[in-house]
Amino acid sequence: MLKYALKRILLLIPTVLGITLFIYFIMSLVPGDPAAMLAPQEATAEEIEALRVSMGLDKPMLIQYLRYIWNVLQGDLGVSWFTKKSVAAELVNRLPYTLTLGVMSTLIASIISIPLGTLTAVKHNTLADYVVTFLCLFFSAMPNFWLAILLQINFSLNTGWLPAFGMGTPAHYVMPVIAVCASSIASNTRSTRTWVLDVIRSDYVRTARAKGANEVTVVMKHALRNALLPIITGLGSSFAGVLGGSVVIETVFAIPGVSTYLTTAVGVRDMPIITGCIMVISIFVGIVNLLIDLLYSVIDPRVKYE
Amino acid sequence: MKKELGTRLLGMLLALLLVASLPFGALASDVKDSINIVTYTEPLGVYPLHVDYGADKTRDGIFFQQVYGTLFRYDENNEPAPWIATDYEISEDGLEWTFTLRDDVYFHDGSKMTAEDVVFSWEHAIAENPTAATSMLNGLTGGEVIDDTHCKAILSHKSPAFLNMLCTQMGVIASKAHYEKVGGAEGYAANPIGTGPYKLVSRESNKFVFEAFDKYWAGVPAIKNITLNIISNINTQFIAVESGDADVLINADLESCTHIGGNSKATWTYADSTTRTLITFGWTIPDIREDLNLRLAIEAGINKEELVDGILYGYGKVLDIDVVTGFPTSPEAGTYSVIPFDQEKAKEYLAASNYSGRDLEIYVLSGSKCEKAAQIIQGQLDEIGISIKVTPCDAGTFTAAMRAASADMILYDNTNVWFDFCNPGASYNPDIPGTYKPDEYFTGWETLKDYYAKIAVEMDPATRRQMMADLMSYSLENGYAVPLYASVNAIVYNKDLKNIVASPVNDFYVEKLSW
Amino acid sequence: MENILEIKNLKVQYNTDEAVVYAVNGLSLELAKGEILGLVGETGAGKTTTALSIMNLLPDAVAEVTGGEIIYNGKNVFGMSKSELRDLRGSEVSMIFQDPMTSLNPVMTVNDQIEEVLKIHNPQMTKAERDKRVADILSLVGIAPERGKSFPHQFSGGMKQRVVIAMALVAEPSLLLADEPTTALDVTIQAQILTLMKELEEKLGTSMIFITHDLGIVAEFCQSVAVIYGGEIIERGTVEQVFACTDNHPYTSSLFQCIPDLETDEARLKPIPGFVLDPRTVPKGCPFADRCEHCTERCRTEKPAVQYVEEGHFIKCHLFEGRRHDV
C-alpha cells in the first residue's frame, strides 16, 4: 500500500502541471489586460506596453507558463503583480484559516450527518424521518451567505455573544463553520440515508438478523460499515469544495483565507496569485482524494492496491 | 438509540462552545484609548513616492494620513494650511518656492526630519512615480536644500495649485536615511516610517495595527492604539460597527447608512464628495465620435434629479458641469452654459442626428451604484427613442474598455481627492499624451488641452474660474462628456466617539479623535 | 414422535403500493423432531415466506401476518417478544438462504461472521473457546480452519455456501430451514453440499425443512415431502408415499409428468397448462382449479378439505373425498 501511495503522490505532479497549464490557457482567453489595470490611470499606451514587457506578458502564453514553472521548481512562487507581496508567504498565512474551516466543517458534518442519516434510514417513513428530511431540504435550499448573515445578526448584533468578523479565537470559528457545514450536513444526511437504506435491504443484513443480532449491531456493524464507502467519498468532496468554494463565507466573516485570495486575484487577473492558489488547492485536493482512497482499502477488504 | 445519543451529545458540545465564547464577545475596544477602524480593502499604498507602492487616496488614506506627514494640510475650510511647513515665499517669476520648516519634527525611528528629507522626497517622487508626480506635483522639477529648516522647490511653470498638491499623497515626507538603510523602495514599503502621529506596528492581510508615536511634534494623540480591520462585505461592515466590535467605518455605503436604526450604537455623518459620476463616450466608434447631435440628445434626455433621488436617496447633488463646487477653480453659476433636462429638445437633437436605432451599450462596473444609474438612464432614454443596453463588467474588462474607449459609453465614478482641478488626470492633462491616437479621440481634444494648459499656470483666481467656466461650456456644447451627479462620503461611527467629521476628499485623521 | 414445529392456518400478505399480494393462504404444516421435510413448489408459491415467518423475519414494512399461529416447541412465534425472538434466531432455529454470493457480509472475515453467532448466543464462552468452536465447525463443513481469516470474496460459490451452513450450525440449532441452498450452485457442488448436509443431520440430529423446486433432491435427501401451491399445502406424506405415484394430487401428478422419462422416446414435453396462480387474488375454491384436468364446478366454489388417503399422507382435493383413513 505504501508503494501505491507513493505512486499516487508522484502522479499528482503531472496532474498539477496540467491544471496550471489549463488555467494559463483559460486566463489568456479572458478579456482584460493586467498591465492596463496595474498601470496608473494616467499612464500612456507606451508606458503600459513597457509594463507588459517587464511583466513578461508580451511573450506567448506557453513561454510565460514555462518560465513560471521553472521558477516554481526553484521554490519561487512569485510575487503578486498588484500588492508586490510574496505569494508563498501570503499563502502560508492564509492556508491555516481555510484549512481549519474545511477540516472543522467536514468533521462536524460527518459527526452529525452520519448518525442522523442512519437514524432516518432505519426509521424511514416515520415522523422523525419527515421532520429531518424537511430540515435537510430547508438548509440545502438556504443560501449559505443568507444563513451567515442571519447568524451574524442574531449572535453578534443582537446578543453580542460572538464576534461578527475576523479570526483569532475559537469563538471566531463558530459561525463560519456553522454556515459552511449547514448545507453539507443537509446533503450528506440525505445521501447517508439513501446509502444505508440501500444496504439495509441486502441479503447479508437479513442474514445478520437471522443470526439473532440486535438491531443496533445490525445497523452499525453490518449495514453502516458497508454504506460507509460512498458516504466518505461525499465527505471528501465536501472538504475539497470548502478549499476553493468558501469565498462567500470568507467574505461575509472577513476571514483572510485562500478562497478570497484566489477570487480577488481572478477579478484583477493577478496571475501569480491565481496559479499559486490553484496549485496549492490542487495539491490538497489530490492528497485528500488519496487519503480517501487509502481509507477505502481499510474499510472494504475487497479493495486492494498493488 | 446510539444515533440519538450522538446527536444529543453534539448539541451539548455546541452549546458549551457558545457559552465558552461569551467572554470573547466583549472584544470591542472598551479601553478608552484604542480604536477599531473598518475599511473595505487592504491599503497597499504604503510608500506613495514609488510607483510600485503608489497610493490611492480612498483606499490608502487611512494608512498614509496616520503614518506620514506633509508640508501643508487642508483645514476646516478645505484650504491648504501650514503643517510641517510654517511659512513660504514665492519668487517673482513664480518658479521658485521657498519653504520654512518646523524644527521639532521626528521620524518614527527617532531621527530628526530636515530639509534634506523634504528635497529627497520630492526628487524621489519625480523619479520613481513620474505619472503620479506629473499629476499631483505638476511643474515640480527638483529641490534645493538651503539649511536644516529651509528648502526651495523648483518649478518649470507657474503653479497656482502647488500648495494644494503638497497636501496629497505625493507630498508625504520620507526619511532619506531610512531609505538608504533599508536598501530601497521594497525595504521602505516593508518597514514604512514617517513623521505622522502613528507608527505601523504590524501588518497582515486583514489587520493593521498602529501605535501612537511618543515624539510626535503636535503632541501625542488621545487615541493611542489603532486596529484597522479589512472587511470587504458591506453587511459585515455595518454589523461590526453596530454591534460594537468596531468603532468606525470609513467609505461607508450610503444606502446601508440610511438604514441605521435610531437606537443603534452607531450613527453616521457625511460630506459632499468630490467624486463625480459621469458618462464618457467611446471615441474610437465612428458613429459616436462624429455624431454630436446624438451625444447632445443623450445629455438632454437624462433626468439627473431622478438619479440623485433614486441612487443617492436625495443626498448628493446634480452636476451640470464636470466640476464640483468648492474647488478654487469651481466656476460660479451662470458663467457657463448648460444643457438642461428637456425631453422635447432631446427629441429634436435625436431627429437631427444620424442615430441608426441600434442598441448603444453602457459599460459599468458590475454591482456598483453606476449599474443602477445606467438602468435608470436606460429607461429615461427609451422615452425619447434611444435604445440602451447596460453591460456590467468585472474590473478587468471594464478597465480594458475604458483605456481603449471601445465601448459606446462608460458610466463611472471619477474621484478627485484633492482640491484643485487643474491637473485631474490624463483625460485633461496637457503634459500627458492620450492613451489612444489623436485621430481616434475627441475632435476638440487640442482645444481642451489648450484650456488646461492655461488654467494650470494662471495665478489669478477669478480668471482661473472664468477659464474653467469656458472650458466646461466648450466641453458641454461639444458633447465631450455627460456629468451626472456628485456623491457624498459617509462615515459610520460609534456614538461615543468625538470629533468625527466626514471629508469631501476622504481625509481622515485619527489624531483628531477622542472618546 | 413429538412435533417440534406446528404451523396452523398461516395467512401472510404483502401490502405493496400496486396491490396486495396474498402469499400464504391458510397453510398448515407439522414437523416432527429429527424429521427432514422437503417443501416443494413453483416460484411464488409461498415457500420462502413460510420459512421467514417461522423466525418472524418477514420485512415489517410490507409484510403482514393476517392469521394463524406458528408454534415452536410449544410457544407461538408471533407472541414472542423481541428478545425472545433474538434468542430463537440463530441458536434454536437457523436459516440458510438461497444465494450464497450475497448472504455474507463482504467486509467481515469468515471467522468473525461465524463467531458472531456464538458471541450473541453463548456470551459465557471465552475467546479461546469460540475460536476452537469456529475452527471445528469449519473443518466439519470441509473448509480448512486457516481460511477463516479470509474474506467472503476470496471464496468460491460452493465454499461460501459451506460457510453459510457452518454459520447456521455453529450454535447447534434444533431446526434448520434451508431455502434452496443448492439452486445457485452447479451440479457437482450441489452433490457435495447435499452429502455434507446429510452427514451433519445424521451427526447432530437437526430437524430440517428443505425448500426446493427440484423433485430429484427431495427424493434423494428428504424423508417426507409437502407440496405447496397457491399458499397452501396441497399434499403431504413420506417420500415413499408420495413418489409411489399411486395417489397424488393432480398438481403433484402433473409435476411428475413434467419430468422427462429417459427410457421412452417422447417427442414433446408435457407442461402444466395455464399460469401459476396470480397471488393478488385468493380463489374461493381450490387454487389449482383453473389448471386441473379433473376440475369440476364444485372445485371452483368450494375449498377442498384435507383428505387422508393413508396414514401420514394427505391430499387436499375433492377427488379423494371419502378415502379417509382413521388417523
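Chains as they are written, first to last, in our numbering: chain A, 368 to 673; chain B, 84 to 598; chain C, -11 to 315.
Cβ atoms here follow ideal geometry from the backbone N, Cα and C, with glycine treated the same way.
- Among the residues facing chain A, B/N318 is included, as its CB has a counterpart in that chain under 8 angstroms away.
- Only those residues of the stretch 560 to 578 of chain A whose C-beta falls short of 9 angstroms from the nearest C-beta of chain C are listed: R568, S569, D570, Y571, V572, R573, T574, A575, R576, A577, K578.
- The beta carbons of B/A354 and B/S586 sit closer together than 8 angstroms.
- For a Cβ distance threshold of 9 angstroms, residue set L127, D135, Y136, E269, A272 of chain B lies close to A/K451, ordered along the chain.
- Across the stretch 481 to 493 of chain A, CB contacts with chain C closer than 9 angstroms involve H491, N492, in sequence order along the chain.
- Interface annotation for the stretch 576 to 605 of chain A against chain C: R576, A577, K578, G579, A580, N581, H589, R592, N593, criterion Cβ-Cβ distance under 7 angstroms.
- Every beta strand (DSSP E) stretch that sits fully inside the stretch 280 to 305 of chain C and reaches 3 residues is listed by chain position as 295 to 298, 301 to 303.
- The beta carbon of C/R77 sits closer than 8 angstroms to some beta carbon of chain A.
- Annotation: C/A255 to C/F143 spans about 43 angstroms, alpha carbon to alpha carbon.
- For B/L249 against B/L154, the beta-carbon gap comes to about 5 angstroms, under 8 angstroms, which counts as contact.
- Near chain C, meaning a CB-to-CB distance below 8 angstroms, the residues of the stretch 640 to 672 of chain A are I666, D667, P668, R669.
- A Cβ-Cβ distance of about 6 angstroms is found for the pair B/R185 and B/T169, placing them in contact under the 8 angstroms criterion.
- Beta-bridge partners of C/Y239 (DSSP): none assigned.
- Taking C-beta separations shorter than 6 angstroms and ignoring five residues to either side along the sequence, the partners of B/Y396 in its chain run T341, following chain order.
- Chain B places a beta carbon closer than 8 angstroms to that of A/R636, counting this residue as a contact.
- Looking at the DSSP output, C/D119 shares a beta bridge with no other residue.
- Between the stretch 72 to 91 of chain C and the stretch 149 to 157 of chain C there are three or more C-beta pairs closer than 8 angstroms, enough to call the two in contact.
- The C-beta separation of B/T418 from B/A552 comes to about 4 angstroms, placing the pair in contact by the 8 angstroms criterion.
- In this chain, the beta strand (DSSP E) harbouring C/E220 covers 220 to 226.
- By the neighbour-count criterion, in which a residue is buried when 16 or more other Cβ atoms sit within 10 angstroms of its Cβ, A/L494 is exposed.
- Counting only runs that start and end inside the stretch -1 to 80 of chain C, the alpha helix (DSSP H) elements of at least 4 residues fall at 35 to 42, 70 to 76.
- Look at A/L524: its C-beta is under 8 angstroms from a C-beta on chain B.
- Contact annotation for C/L45 against chain A: R573, R576, A577 [CB-CB distance below 8 angstroms, chain order].
- Under DSSP, B/D355 shares a beta bridge with B/V571.
- When the Cα atoms are used, B/I314 and B/T122 turn out to be separated by approximately 6 angstroms.
- Taking 8 angstroms as the CB threshold, B/D328 lines the interface with chain A.
- For B/E172, the pairing in a beta bridge is given by DSSP as B/T181.
- In terms of Cα proximity to B/A323, the closest of A/V652, A/V609, A/W528 is A/W528.
- Beta-bridge pairing by DSSP links B/M555 to no other residue.
- Taking 8 angstroms as the CB threshold, B/S288 lines the interface with chain A.
- Scanning chain A for C-beta atoms nearer than 9 angstroms to the C-beta of B/S315 yields T618, A621, T627, T631, reported in chain order.
- The alpha-carbon of C/E299 is positioned some 14 angstroms away from that of C/G310.
- Out of C/F231, C/I199, C/G146, C/L(-2), the CA that lies nearest to the CA of C/E168 is found in C/I199.
- Sequence-distant partners of C/D100 (beyond 5 residues in either direction) whose C-beta falls short of 8 angstroms from its own C-beta are missing from its chain.
- In the structure shown, B/T124 falls within a coil segment according to DSSP collapsed to helix, strand and coil.
- Within the same chain, and ignoring the five residues on either side of B/S288 in sequence, the residues whose Cβ sits closer than 7 angstroms to its Cβ are E125.
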